[in-house]
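Novice:
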Amino acid sequence: VDCDAMQVTAGAGVTLAAWQAQARDAGLDAPVDFASRESATIGGAVATNAGGSRVVRFGTMRSQVVGIEAVLADGSVVGSLSGLPKETAGIHWPSLLAGSEGTLAVVAAARLRLVPWYRRTATALVAVDDIPAAVSLLAYVRPRLDSLDSIELVLPAAMALVAEHLGADVPVGDSGAYVLVECAAHDDPVDELAAAIESSGAVLDAAVSAEGPRRDHLVAFRDRITESIAAAGVPLKLDVAVPVSRLDELVRRATATVDELGGRLITFGHLAEGNLHLNVLGAGDAEAITDTVLRTATELGGTISAEHGIGIAKAPWLGLVRSAADLAAARAVRDAFDPQRMLNAGVLET
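Last residue of the sequence shown: 393 in my numbering, with the numbers rising by one and none dropped.
#1: When the Cα atoms are used, what is the spatial distance from Tyr221 to Thr341?
#2: Report yes if the C-beta distance between Leu279 and Asn318 is below 9 Å; otherwise report no.
#3: Could you pull the start and end residues of the alpha helix (DSSP H) that Asp369 belongs to?
#4: When you compare each of Ala53, Phe101, Gly110, Asp378 to Trp136 by their alpha carbons, which one comes out closest?
#5: Would you mind stating whether Val339 and Ala284 have Cβ atoms separated by less than 9 Å?
#6: Which stretch, first to last residue, makes up the beta strand (DSSP E) that contains Leu337?
#7: Helix, strand or coil: how does DSSP classify Leu196 here?
#8: So Tyr161 is in the alpha helix (DSSP H); what residue range does that whole segment cover?
#9: At which residues does the beta strand (DSSP E) containing Arg296 begin and terminate?
#10: State buried or exposed for Met202, treating a residue as buried only when at least 16 other CB atoms are found within 10 Å of its CB.
#11: Anyone know if the C-beta pair for Ala224 and Ser271 falls short of 9 Å?
#12: Three or more beta-carbon pairs under 8 Å between the region 225 to 242 and the region 164 to 172, yes or no?
#13: Three or more beta-carbon pairs under 8 Å between the region 376 to 390 and the region 131 to 145, yes or no?
#14: Please classify Arg257: does DSSP put it in a helix, a strand, or coil?
#15: Along the chain, where does the alpha helix (DSSP H) containing Ile111 start, and where does it finish?
#16: Kindly indicate which three-state DSSP category Thr269 falls into: helix, strand or coil?
#17: Quick one: is Thr131 buried, meaning 16 or more other Cβ sit within 10 Å of its Cβ, or exposed?
#18: Determine, using beta carbons only, whether Leu191 and Arg100 come nearer to each other than 9 Å.
#19: If you draw a straight line from the alpha carbon of Ser218 to that of Ala200, how long is it in whole angstroms?
#20: Report yes if the C-beta distance between Ala245 and Leu180 is below 9 Å; otherwise report no.
#21: Could I get the ranges of all uninterrupted alpha helix (DSSP H) runs contained in the region 205 to 246, with 4 residues as the minimum, in chain order?
#22: On the three-pair Cβ rule with 8 Å, is the region 107 to 124 touching the region 143 to 156?
#23: Roughly how many whole angstroms lie between the Cα atoms of Ala250 and Glu392?
#24: Taking DSSP's pairing of strands, which residues face Val150 in a bridge?
#25: Counting C-beta neighbours from all protein chains within 10 Å, is the total for Gly87 16 or more, i.e. buried, or is it exposed?
#26: Between which two residues does the beta strand (DSSP E) holding Leu124 run?
#27: Among the candidates Arg289, Asp282, Ser252, Ser143, whose CA atom is the shortest distance from the CA of Val233?
#28: In chain order, what residues of the same chain lie with their CB nearer than 6 Å to the CB of Gly305, ignoring the 5 residues before and after it?
#29: The alpha helix (DSSP H) with Leu139 in it runs from where to where?
#30: Could you give the first and the last residue of the continuous alpha helix (DSSP H) run that contains Leu180?
#31: Gln65 by DSSP, collapsed to three states: which one?
#32: Please classify Val213 as buried or exposed, where buried requires at least 16 neighbouring CB atoms within 10 angstroms.
#33: I'd like the list of long-range same chain contacts for Ala206, defined as Cβ closer than 8 Å, with 5 residues on each side in sequence excluded.
#34: Evaluate Met385 with the Cβ neighbour count: other Cβ atoms within 10 Å of its Cβ, from every protein chain shown; 16 or more gives buried, anything less gives exposed.
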């Protein structure tokens, strides 16, 4: 950890949890967080340009990489871990490799940005009428809460599933949508958070807490959704994003698709980015559901992958969000780096 520069150098296999722990040992913090922090690695997060819950405040993984060291297909090493915040000297390797899914080079290490550690936190689990009300709440609180750290959307089926998995009652009343709002600051933000929620006019019920077991209990209703889905079965996982104004239509159309083709739709995600994780348990026709939902997302001005990446499984749909010219240019870049396709063959290829 370089406290003066507020940066840390980490190997590709270091987990997000270790990144956070090292930063906090130095009185700082990692700007990226998501539920799989104990297993997700720095290399994987860079390769997929991962997001998570703090994007609303700090941006995606690409925004945190100030230096990178990577190995090309021929074994040569490129990049630098100097961490200079300002340098215009040709190709910026972090920008090129973040999100490339290991198709251009293998990330060996990264120099990462650190942020202040806001030790005082407050969390609110809010019940609202529906998705449009959740979007209205987002629009209201975002310019009013300087300490806003994350704002997550959980739909009723996901809330019911995680509550069953936790063996706990939902802390707020039944509703058409739930929003988990988290603030972090140097001073206690609980009053600021409570006041913003109360004055928003969008809230049916709310539970607000500062640090401690009660806050941890509220956070569990978001953090442990993926765990609860895995306990219920093997899901079809889709990770899409649309403009926030189109979220309601996306969910309505995805629900109709799953109702028609079979399955149980479990939906949650990152509200500020319009990023939904659509998980289908017992999918009747996984390929047809995937095709319809991905096409719906693009028709609504969105993308087929917000943070999980394309890989091989979604490669057939890449043309929905990238033009022929885009794809040709991407192939040319890849041909220059790895003409024999030694790295992740089939990934990001249509």
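Quick reminder that beta carbons are idealized off the backbone N, C-alpha and C, glycines included.
Specialist: In short, the structure shows the following:
#1: On the sequence shown, residue 221 is found 178 positions in, with the first residue counted as 1. On the sequence shown, residue 341 is found 298 positions in, with the first residue counted as 1. Cα-Cα distance, rounded: 25 Å.
#2: Along the sequence shown, read from residue 1 onward, the residue named residue 279 stands at position 236. Along the sequence shown, read from residue 1 onward, the residue named residue 318 stands at position 275. No, they are not a contact pair.
#3: Translated into positions along the sequence shown, residue 369 becomes position 326. First-last of the alpha helix (DSSP H) with Asp369: 367 to 380.
#4: By one-based count along the sequence shown, residue 136 stands at place 93. Minimum Cα distance to Trp136 is reached at Gly110.
#5: Numbered from 1 along the sequence shown, position 296 holds the residue referred to as residue 339. Numbered from 1 along the sequence shown, position 241 holds the residue referred to as residue 284. The question names Val, but residue 339 is Thr in the sequence shown. Not closer than 9 Å, so no.
#6: On the sequence shown, residue 337 is found 294 positions in, with the first residue counted as 1. From DSSP, Leu337 is part of no beta strand (DSSP E) but of the alpha helix (DSSP H) over 329 to 342.
#7: Position 153 of the sequence shown, counted from the start, is the residue given in the question as residue 196. Leu196: strand per DSSP, three-state reduction.
#8: Here residue 161 corresponds to residue number 118 of the sequence shown, with the count starting at 1. Element bounds for Tyr161: n/a, residue is neither H nor E.
#9: Working through the sequence shown from its first residue, we reach residue 296 at position 253. Here Arg296 belongs to no beta strand (DSSP E); instead the alpha helix (DSSP H) covers 290 to 304.
#10: Within the sequence shown, numbered from 1, the residue matching residue 202 stands at position 159. So Met202 ends up on the buried side.
#11: To locate residue 224, count along the sequence shown from 1; it is residue 181. To locate residue 271, count along the sequence shown from 1; it is residue 228. Sequence check: residue 224 is Val here, not Ala. Cβ distance not < 9 Å, so Val224 and Ser271 don't count as in contact.
#12: yes
#13: yes
#14: For the purposes of this step, residue 257 is identified with residue 214 of the sequence shown, where counting begins at 1. Arg257 falls in the helix class under three-state DSSP.
#15: For the purposes of this step, residue 111 is taken as residue 68 along the sequence shown, with counting starting at 1. First-last for Ile111: 108 to 114, but that is the beta strand (DSSP E), not the alpha helix (DSSP H).
#16: Position 226 of the sequence shown, counted from the start, is the residue given in the question as residue 269. In this structure, Thr269 counts as helix in the three-state DSSP scheme.
#17: As a working mapping, residue 131 is identified with position 88 in the sequence shown. The residue is exposed, with fewer than 16 neighbouring Cβ atoms inside 10 Å.
#18: As a position in the sequence shown, residue 191 is number 148, starting the count at 1. As a position in the sequence shown, residue 100 is number 57, starting the count at 1. Yes, the pair counts as a contact, with Cβ atoms nearer than the cut-off.
#19: For the purposes of this step, residue 218 is taken as residue 175 along the sequence shown, with counting starting at 1. For the purposes of this step, residue 200 is taken as residue 157 along the sequence shown, with counting starting at 1. Those two C-alpha atoms are separated by around 11 Å.
#20: Along the sequence shown, read from residue 1 onward, the residue named residue 245 stands at position 202. Along the sequence shown, read from residue 1 onward, the residue named residue 180 stands at position 137. It is a contact, given that the beta carbons lie within the stated cut-off.
#21: 233 to 242
#22: yes
#23: Position 207 of the sequence shown, counted from the start, is the residue given in the question as residue 250. Position 349 of the sequence shown, counted from the start, is the residue given in the question as residue 392. Going by the C-alpha atoms only, they are around 46 Å apart.
#24: Position 107 of the sequence shown, counting from 1, holds the residue named residue 150. Beta-bridge pairing links Val150 to Ala113.
#25: Here residue 87 refers to the residue found at position 44 of the sequence shown. When all chains shown are included, Gly87 counts as buried.
#26: Locating residue 124 in the sequence shown gives position 81, counting from the first residue. Careful: Leu124 lies outside any beta strand (DSSP E) and carries neither H nor E.
#27: For the purposes of this step, residue 233 is taken as residue 190 along the sequence shown, with counting starting at 1. If we check each option's Cα against that of Val233, Ser252 comes out closest.
#28: Sequence index remark: in the sequence shown, residue 305 carries index 262 (1-based). The residues are Gly327.
#29: Here residue 139 corresponds to residue number 96 of the sequence shown, with the count starting at 1. 136 to 140 is the span of the alpha helix (DSSP H), which, as asked, contains Leu139.
#30: Numbered from 1 along the sequence shown, position 137 holds the residue referred to as residue 180. Here the alpha helix (DSSP H) through Leu180 covers 174 to 184.
#31: By 1-based counting over the sequence shown, the position of residue 65 is 22. Gln65: helix per DSSP, three-state reduction.
#32: The sequence position of residue 213 within the sequence shown is 170, counting from 1. Buried.
#33: By one-based count along the sequence shown, residue 206 stands at place 163. These residues qualify, in order along the chain: Asp212, Val213, Phe264.
#34: Counting from 1 along the sequence shown, the entry for residue 385 is found at position 342. By the neighbour-count rule (16 or more Cβ atoms within 10 Å), Met385 is not buried but exposed.
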